[in-house]
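Worksheet for the structure shown next.
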Amino acid sequence: MSNEVATGTPSIPAELFARPEGRRYGEMARGALKLASRNPLGTFGLFIIVAFLFIAIFAPLLAPYRFDNFRAGDPREGMSMHHWFGTDLSGRDTLSRDIYGARISLSVAFISVLGGSALGTMFGIISGYNGGFTDSLTQRIVDTAIAFPQLLLLLIIVQTLGPSFRTVVIAIMLGIIPGVTRVVRGAALSEKNNQYIEAARSIGASTPRILFRHILPNVMALAIVIMSTLLGAAILAEAGLSFLGLGIPEPAASWGRDVNAARGDFPLKIAAAFFPGAAITLTVLGFNLLGDSIRDIADPRLRGSR
Amino acid sequence: MQTFIIRRLIIGVVILFFLSLIVFTLLSIVPGDPAKQRCGLGCKEEQIKAIQHELGLDKSRFPVNVTPAPPFVEFHAHSQYGDWLKNVVTGDLGESTYYHQPVTTAIRHRLPVTFELMVLTMIFTIIVGIPFGVVSALFRNSPIDYLVRLTSIFGLSIPSFWVATLVLIIPVTLWGYSPPLGRVIWFSDDPIGNLKQFMPAAGVLALGSAAGIMRLSRSSLLEVLRQDYMRTARAKGLADRSVVLRHGLKNSLIPVVTVLGLQMAGLLGGTIFIEQIFALPGLGQYTFIELFNKDFPVVESMSLYIGAVVILLNLLVDVSYAWFDPRIRYS
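In structure tokens form, the structure reads like this:
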């Protein structure tokens, strides 16, 4: 009996599995290339980001000195073969600090945007789906947060909790939540009236199940698009906070603070202010170019807006 | 229209109340005692107590407190938040312990600086942003369009504090030139000196907002040019110029005006950098210094003031829609 069953079940040759798999990877690669050639600016942005990620990850190998090495050179050296970008007022190598700065900038941006978008998306779908009192309370809080200069809010939060890596991340995260909440709520509102939600409810699905198994996947694409446009803003926010002296404290290498340090150090050196700022601009440019492309691909109707 | 404005004003007051509550809660968990900071080193316990009493720091923070032990809910006739709110309602925004000066006086002295900065920035933003955006849309996919688009995305990526720093230190190191810094030169006293002082700051501040407006007016005009009524206008024989200017441009400006209004809120934050770097004694610099000195009633009042300005600006923007688009009626 058991033999019959075994022979009766057709055995599938392994190569039949392998071939479509192989084709799919090939197609994916070709599709990615096509996507890249259609969006040269987005590809350029991605290239910048990958380059900076590489710099951030391999900073100890790439940088000639450590970011906090006070004996890298004499204080206030100019540009030379030993110190390409010169040294700062305490003798630390500017190039090394710029390289290490990528670590703080990118990690703050990724953590805060991921956390902020996740929380904002959650509040958004709950607010949009539940409606009623929850919705109006959430929306009044969002109104309040939006009716206020974001930078000032960040400054108050950081000053309240005391500057540190964690504080800066929390502050930027809190700054991100209201905007994401508002956009996702709009999407959840329109999603809620679809028939499949009614169907889910009629077979007795619980509210959390509807929220996270049915609505969440459908607003996910939108959330990813928003995230890609927020990364650049998060980097600017971190740089701005450290420029004002409320970022991650010394001796950490942060681009924003190095621009500020160059401003108050006499005799003034253009290079000391130029390179950290150029690094900020390039990174943010990379994220903005990539974000634009992602949005264009996700929703061609929005092409070139904002 | 009137009921719309009144309803919006009432909502605005509710939002401001929420705002003050949020900011006060945030500030009430700040480490460090402002009284100790004000008293300085080698201060005696009684002196700190006296200053705490003078600043009202010995009072409860909120009029209603929830306690873990009975009686669970406490009411205080005099509390920091309650008294602050009472004073604000009567028009008293408190006094700065750092400057020894009422907040209202500080606002009166510093508002003109920030106001001039904002007006110049808005002028720059409009005269640079809208024309380039329109040209870019009209000559879509031409070299000038690509140039405008690239410039605008670049403008959105540059941190204003970096440009401001370079604008100050490059001329100084290369040519020994610096704009007049330090004392404010009023426009009525010396118009040229005043502009020398304010133009670089406003130009830097306008960089990001002009880039945003460029992109927006481009995409918004492209959207309008696709509409049926544009085809109708052309079909009935109107000249191209009047089709674009009278029908296209005016309709495409609606989202642009909204964003200009929203940008004002962002600019109020941006002035913190710019006023700090260009040493302009405006409201942004004031708020930042008071926040740094932990003068919290002042920060609280300034937050309320700035929030109120933003809400009024947004209301103004919504009202101006009706002028741009007669189809919009508020009822």
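Sequence lines, in order, name chains A and B. Take the first sequence: its position 63, counted from the start at 1, is 62 in numbering that gives the first Met the number 0, and no numbers get skipped. Take the second sequence: its position 158, counted from the start at 1, is 157 in numbering that gives the first Met the number 0, and no numbers get skipped. From the three backbone atoms N, C-alpha and C, an ideal C-beta is built for every residue, glycine too.
Hey, A264/B and V309/B: beta-carbon distance below 8 Å or not? On the second sequence, position 265 is the one that residue 264/B refers to. On the second sequence, position 310 is the one that residue 309/B refers to. Yes, these two residues count as a Cβ contact at 8 Å.
Strictly under 8 Å for the Cβ-Cβ distance: is I171/A near chain B by that measure? Position 172 of the first sequence, counted from the first residue, corresponds to residue 171/A. No - not a single Cβ of chain B is within 8 Å of the one on I171/A.
Would you say Q138/A lies against chain B (beta-carbon separation less than 8 Å)? Here the question's residue 138/A lines up with position 139 in the first sequence. Chain B contact via Cβ: absent.
Would you mind reading off the limits of the alpha helix (DSSP H) that contains E197/A? For the purposes of this step, residue 197/A is taken as residue 198 along the first sequence, with counting starting at 1. Where E197/A is concerned, the enclosing alpha helix (DSSP H) stretches over 194-201.
Using C-beta distances below 7 Å, list every residue in its chain close to L178/B, excluding the 5 sequence neighbours before and after it, in chain order. Your numbering for residue 178/B matches position 179 in the second sequence. As written in the sequence, residue 178/B is Pro, which differs from the Leu given in the question. These residues qualify, in order along the chain: K195, Q196, P199.
For S89/A, does the three-state DSSP call read helix, strand or coil? Position 90 of the first sequence holds residue 89/A. Coil.
Give the straight-line distance between the Cα atoms of D257/A and I269/A, rounded to the nearest whole angstrom. Along the first sequence, read from residue 1 onward, the residue named residue 257/A stands at position 258. Along the first sequence, read from residue 1 onward, the residue named residue 269/A stands at position 270. Distance between the alpha carbons of D257/A and I269/A is about 12 Å.
Please report the distance separating the alpha-carbon of S208/B from that of L215/B. As a working note, residue 208/B is residue 209 in the second sequence. As a working note, residue 215/B is residue 216 in the second sequence. When rounded, the distance between both Cα atoms is 10 Å.
Contacts around S300/B, its chain only, beta-carbon distance under 6 Å, and the 5 residues preceding and following it disregarded: Stepping through the second sequence from its first residue, residue 300/B is reached at position 301. Once the five neighbours on either side are set aside, the close Cβ partners of S300/B are L92, G93, V102.
When the cut-off is 8 Å and only beta carbons count, does F153/B lie next to chain A? Counted from its first residue, the second sequence places residue 153/B at position 154. Output row for F153/B: interface = yes.
Anything in the stretch 233-267 of chain B with a Cβ closer than 7 Å to a Cβ of chain A? List those residues in chain order, please. A264, G265, L267
Buried versus exposed, by CB contacts within 10 Å (16 or more), S241/A: Translated into positions along the first sequence, residue 241/A becomes position 242. The residue is buried, with at least 16 neighbouring Cβ atoms inside 10 Å.
Q1/B (DSSP reduced to helix, strand or coil): As a first step, residue 1/B is located in the second sequence; it is residue number 2 there, counting from the start. The answer is helix: DSSP assigns Q1/B an H, G or I state.
Is it the case that the stretch 114-128 of chain A contacts the stretch 178-188 of chain A, given that we only count it when at least three CB pairs across the two stretches are under 8 Å? yes
Counting only beta-carbon atoms, is T96/B nearer than 8 Å to chain A? By one-based count along the second sequence, residue 96/B stands at place 97. No, T96/B does not count as interfacial toward chain A.
8 Å is my cut-off, CB to CB: does V118/B come that close to chain A? The residue given as residue 118/B occupies position 119 in the second sequence. No, V118/B does not count as interfacial toward chain A.
Determine, using beta carbons only, whether A251/A and I103/A come nearer to each other than 8 Å. For the purposes of this step, residue 251/A is identified with residue 252 of the first sequence, where counting begins at 1. For the purposes of this step, residue 103/A is identified with residue 104 of the first sequence, where counting begins at 1. Yes, they are a contact pair.
What residues in the stretch 300-315 of chain B have a beta carbon less than 8 Å from any beta carbon of chain A? S302, I305, G306, V309, I310, N313
According to DSSP, is P101/B helix, strand or coil? Residue numbering aside, residue 101/B sits at position 102 when the second sequence is read from its first letter. It is a strand residue.
Measuring only between beta-carbons, confirm whether E14/A sits less than 8 Å from chain B. Along the first sequence, read from residue 1 onward, the residue named residue 14/A stands at position 15. Because the pLDDT at E14/A is just 48, under 50, the model does not fix this residue reliably, and the value given afterwards should be weighed accordingly. For E14/A, the answer is no, since every Cβ of chain B falls outside 8 Å of its Cβ.
Under the rule that 16 or more other beta-carbon atoms within 10 Å means buried, what is L244/B, buried or exposed? Counting from 1 along the second sequence, the entry for residue 244/B is found at position 245. That one is exposed.
From R370/A to S319/B, what distance separates their C-alpha atoms? Only positions 0 to 305 of chain A appear in this structure, which leaves residue 370/A out of reach.
Are the C-beta of L282/B and some C-beta of chain A separated by less than 8 Å? Here residue 282/B is taken as the residue at index 283 of the second sequence, counted from 1. Not an interface residue.
Grab the span of the beta strand (DSSP E) containing E73/B for me, first residue to last. By one-based count along the second sequence, residue 73/B stands at place 74. Here the beta strand (DSSP E) through E73/B covers 72-74.
Any C-beta of chain B under 8 Å from that of N192/A: Within the first sequence, residue 192/A is the residue found at index 193, counting from 1. Not closer than 8 Å to any Cβ of chain B, the Cβ of N192/A fails to qualify, so no.
Between the stretch 74-84 of chain B and the stretch 278-292 of chain B, do at least 3 Cβ pairs fall closer than 8 Å? no
Helix, strand or coil for E94/B per DSSP? Taking the second sequence and counting its residues from 1, one reaches residue 94/B at position 95. Note: E94/B maps to strand in three-state DSSP.
In this structure, does DSSP put V331/B in helix, strand or coil? Nothing about residue 331/B can be read from this structure; chain B reaches only from 0 to 330.
Could you round the C-beta distance between A392/A and A261/A to whole angstroms and report it? I think they count as a contact, below 8 Å. Residue 392/A cannot be examined here, being either before or after the span of chain A that is shown, 0 to 305.
Quick one: does P19/A have its CB under 8 Å from some CB of chain B? Here residue 19/A corresponds to residue number 20 of the first sequence, with the count starting at 1. Low per-residue confidence applies at P19/A: pLDDT is 49, beneath 50, and the placement is therefore not dependable, though the value from the model is reported in the following sentence. So no, P19/A is outside the interface.
According to DSSP, is S300/B helix, strand or coil? Reading the second sequence from its first residue, position 301 is the one you call residue 300/B. It is helical.
Report buried or exposed for S1/A, applying the criterion of at least 16 other Cβ atoms within 10 angstroms of its Cβ. Residue 1/A sits at position 2 when you count from the first residue of the first sequence. For S1/A, the pLDDT reaches just 38, beneath the cut-off of 50, and the residue's location in the model is therefore unreliable, although a value from the coordinates is still provided. Per the 10 Å Cβ criterion, exposed.
Cα-Cα separation between T8/A and H213/A, rounded to whole angstroms: Along the first sequence, one-based indexing puts residue 8/A at 9. Along the first sequence, one-based indexing puts residue 213/A at 214. Low confidence applies here, because T8/A scores a pLDDT of 41, under 50, leaving its location unreliable; read the following figure in that light. Cα to Cα, T8/A sits roughly 36 Å from H213/A.
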